[in-house]
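Here the structure comes first, spelled out in structure tokens, and everything after it is commentary.
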Amino acid sequence: MVCRPGDTLSQLCTDLLCFSTVQSLLHPQEGPSGSYPPRPSWNIDTGLPDPEVTWSLPDGTLINNALQSDDSGLRNRRYVIFGNGTLLLQQMGKRDEGDYTCFAKNKLGKDERKVSVKVGPNAPKITLKSQSLVTVKLGESAKLSCHATGQPTPKIMWISPRNYVISLSSDKFQVMDDGMLLVKKVILADEGKYACVARNSAGDDVKNIKLEAELQEPFINGMKGRSTTKVLAVSYQTALLDCRVEGKPEPRVWWVTPYGHSLPTPYLGGRFQVHRNGSLELRGVRKTDEGGYMCLAKNNLGEASLVVELDVASIAEKPIFAVPNIEILPIKQDGGELILECPARGKPNPEFAWVLPNGTMLKPGVRLQRFTHHLGVYRCLAKNVAGQAEKRYALESGRKPVIRGSTGMFFHLKLIKQKSP
Numbered sequence: 001m002v003c004r005p006g007d008t009l010s011q012l013c014t015d016l017l018c019f020s021t022v023q024s025l026l027h028p029q030e031g032p033s034g035s036y037p038p039r040p041s042w043n044i045d046t047g048l049p050d051p052e053v054t055w056s057l058p059d060g061t062l063i064n065n066a067l068q069s070d071d072s073g074l075r076n077r078r079y080v081i082f083g084n085g086t087l088l089l090q091q092m093g094k095r096d097e098g099d100y101t102c103f104a105k106n107k108l109g110k111d112e113r114k115v116s117v118k119v120g121p122n123a124p125k126i127t128l129k130s131q132s133l134v135t136v137k138l139g140e141s142a143k144l145s146c147h148a149t150g151q152p153t154p155k156i157m158w159i160s161p162r163n164y165v166i167s168l169s170s171d172k173f174q175v176m177d178d179g180m181l182l183v184k185k186v187i188l189a190d191e192g193k194y195a196c197v198a199r200n201s202a203g204d205d206v207k208n209i210k211l212e213a214e215l216q217e218p219f220i221n222g223m224k225g226r227s228t229t230k231v232l233a234v235s236y237q238t239a240l241l242d243c244r245v246e247g248k249p250e251p252r253v254w255w256v257t258p259y260g261h262s263l264p265t266p267y268l269g270g271r272f273q274v275h276r277n278g279s280l281e282l283r284g285v286r287k288t289d290e291g292g293y294m295c296l297a298k299n300n301l302g303e304a305s306l307v308v309e310l311d312v313a314s315i316a317e318k319p320i321f322a323v324p325n326i327e328i329l330p331i332k333q334d335g336g337e338l339i340l341e342c343p344a345r346g347k348p349n350p351e352f353a354w355v356l357p358n359g360t361m362l363k364p365g366v367r368l369q370r371f372t373h374h375l376g377v378y379r380c381l382a383k384n385v386a387g388q389a390e391k392r393y394a395l396e397s398g399r400k401p402v403i404r405g406s407t408g409m410f411f412h413l414k415l416i417k418q419k420s421p
């Protein structure tokens, strides 16, 4: 007998029939012509008294009407013996392959018959196909479900709206172990029809899901309403002013210069270029280019603006350290404060950041409470428009340093900004 995996009570794939009476031989009798899957049964001569029927599973377990329960005493619904001796197996899988033996006995005698069951491959079947549309806010993550059954276990792959196979993990997408597709930080370009394909040696199944972003007012660089930022450029170099706009319907984007000139998207004229992504590029910047540049975005739900204050430095010098770039410091066991300085100089004054041994980055104004770090290398980064420099401290001790917000041993990572001479 060949059955398909995953069959249930409604399909009765493995109804194994075993009728028996006293000292009667079991005569095979085929089911209706053309029936599938085949149902083996046996036509038995009449006899008394009614026999007791027991089934032996491939692993040797014996099942009868009195033993249809699991270890908890609850009825095991995977195996059911009906009053006429029929054994029903539900949710078939490869584990159910093997020989099943029917034993029938009464006071006058006994008989037995063996039935071999083989579970063939089963084409994938994707469940919950009703999920055909997923809506999400711009900037949030979307979850597209796809769960499939089949034998062998089907592999899941996703096809993007642009008809390429999505990798299992990337900055934009992640395919989970259960087949779900995670679309990270949704933008308008992510909208479209995604196809989930479940495939094994027996075939495949496809589920289509449409991803749509909700209607939303514009926001610029992740900010709604009005926002400001500063950009420092070097004379005669190129400055790029970012204006990443999202919104639905797709907003109209344009720039206004300090002199009141309006630049649409896209735009190219002289030293100014507005790219299709909204960014403004200034080539060969001069001192006269300083001022506030405003990026505006508008749709029928609202508007947003970003003011970029551009400063131009006439001369720039890369940050440098007057002391060795690598220092090894011992840690005292009696506690106390340890200050790691970052004495870098440059033009314009550099910005500073610390990178802890575990990779955590600390910028000015950031404070960690009760955060424990392993001994290792602490890196200070000094950066300006001309370049970047790095200083390292290697801390060695038999004890871990602890950054605390109260008493006790701690490290104070002090950010010191040196004035230019």
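Under the UniProt record's numbering, residues 1 to 421 are what the sequence shown spells out, in order. The beta carbon of each residue, even a glycine, is placed where N, CA and C say it ideally should be. These numbers were taken from a predicted model, which means no experiment stands behind them.
Query                                                                                                                                                                                       : Result
Enumerate in chain order the residues of its own chain whose CB-to-CB distance from residue 275 is below 7 angstroms, with the five nearest sequence positions on each side excluded.       : 266 and 281
Tell me whether residue 95 is buried or exposed, calling it buried when 16 or more other Cβ atoms sit within 10 Å of its Cβ.                                                                : exposed
Which word fits residue 359, buried or exposed, when buried means at least 16 other C-beta atoms lie within 10 angstroms of its C-beta?                                                     : exposed
Go through its chain and collect everything with a Cβ distance to residue 347's Cβ below 8 angstroms, but skip five positions before and after it.                                          : 313, 315, 316, 317, 384, 386 and 420
Spatial neighbours of residue 344 within its chain, please: CB distance less than 8 angstroms, with the 5 preceding and 5 following residues excluded, ordered by chain position.           : 319, 320, 321, 350, 352, 380, 382, 389, 391 and 418
Are residue 121 and residue 202 touching if we call contact CB-CB under 7 angstroms?                                                                                                        : yes
Rounding to the nearest angstrom, what Cα-Cα distance links residue 22 and residue 52 in this structure?                                                                                    : Annotation note: pLDDT 31 at residue 22 (below 50); position unreliable, no value reported.
Express the C-alpha separation of residue 220 and residue 233 in angstroms, rounding to a whole number.                                                                                     : 21 angstroms
For residue 471, collect the residues of the same chain with a Cβ closer than 7 angstroms to its Cβ; drop the 5 residues on either side in sequence, then sort them by chain order.         : Any answer about residue 471 is impossible in this case: the structure gives the chain only from 1 up to 421.
Could you work out which residue in 189, 228, 216 and 129 is closest to residue 180 when comparing CA atoms only?                                                                           : 129
I need the DSSP call for residue 499, collapsed to helix, strand or coil.                                                                                                                   : The requested residue 499 is not part of the displayed model; the chain covers only 1 to 421.
Pick from 356, 218, 183 and 227: whose alpha carbon is nearest that of residue 212?                                                                                                         : 183
Is residue 85 buried or exposed, if buried means 16 or more other CB atoms sit within 10 Å of its CB?                                                                                       : buried
If we count the other Cβ atoms within 10 Å of its Cβ and call it buried at 16 or more, is residue 104 buried or exposed?                                                                    : buried
If you count every other CB in all the chains shown that lies within 10 Å of the CB of residue 377, and 16 or more means buried, which is it?                                               : exposed
Take residue 300 as the anchor and find which of 216, 256, 244 and 263 has the nearest alpha-carbon.                                                                                        : 216
Is the stretch 162-181 touching the stretch 107-124, taking contact as three or more C-beta pairs under 8 angstroms?                                                                        : no
Looking at C-alpha atoms only, which residue of 89, 99 and 88 is the closest neighbour of residue 58?                                                                                       : 99
Determine the burial state of residue 175: buried for a count of at least 16 other Cβ atoms within 10 Å of its Cβ, exposed for fewer.                                                       : buried
Give the secondary structure of residue 253 by DSSP, where H, G and I count as helix, E and B as strand, and everything else as coil.                                                       : strand
How many Å lie between residue 74 and residue 200 at the Cα?                                                                                                                                : Confidence at residue 74 is low in this model, with a pLDDT of 41, below 50, so the placement of that residue should be treated as unreliable; the coordinate-derived value is given next. The straight-line gap from Cα to Cα measures roughly 35 angstroms.
Do you know how far the Cα of residue 135 is from the Cα of residue 196?                                                                                                                    : 17 angstroms
Indicate the three-state DSSP secondary structure (helix, strand or coil) for residue 286 in the structure shown.                                                                           : coil
I'd like to know whether the C-beta atoms of residue 294 and residue 307 end up nearer to each other than 7 angstroms.                                                                      : yes
Would you grab the beta carbon distance between residue 253 and residue 297 for me? Rounded to a whole angstrom, and I think it's under 8 angstroms.                                        : 5 angstroms
If I'm right that residue 125 touches residue 97 with Cβ under 8 angstroms, what's the distance once you round it to whole angstroms?                                                       : The Cβ separation is near 20 angstroms, so there is no contact.
In or out: residue 171 buried (at least 16 other Cβ within 10 Å) or exposed?                                                                                                                : exposed
Within 10 angstroms of its Cβ, does residue 186 collect 16 or more other Cβ (buried), or is it exposed?                                                                                     : buried
Going by the CB atoms, is the gap between residue 218 and residue 256 shorter than 7 angstroms?                                                                                             : no
Leaving aside the five residues before and after residue 439 along the sequence, list all residues of the same chain whose C-beta is less than 8 angstroms from its C-beta, in chain order. : Residue numbering for the chain in the displayed model covers 1 to 421; residue 439 lies beyond these limits and cannot be assessed.
Whose C-beta lies closer than 6 angstroms to the C-beta of residue 148 among residues of the same chain, with five residues either side of it excluded?                                     : 124, 126, 154 and 198
Measuring straight from C-alpha to C-alpha, what distance separates residue 224 and residue 327?                                                                                            : 45 angstroms
Which residue spans inside the stretch 197-225 form an unbroken beta strand (DSSP E) run of at least 3?                                                                                     : 203-213 and 216-220
Pick helix, strand or coil for residue 96, following the three-state DSSP scheme.                                                                                                           : helix
Name the two residues that bound the continuous beta strand (DSSP E) containing residue 379.                                                                                                : 377-384
To the nearest angstrom, how far is the alpha carbon of residue 90 from that of residue 250?                                                                                                : 53 angstroms
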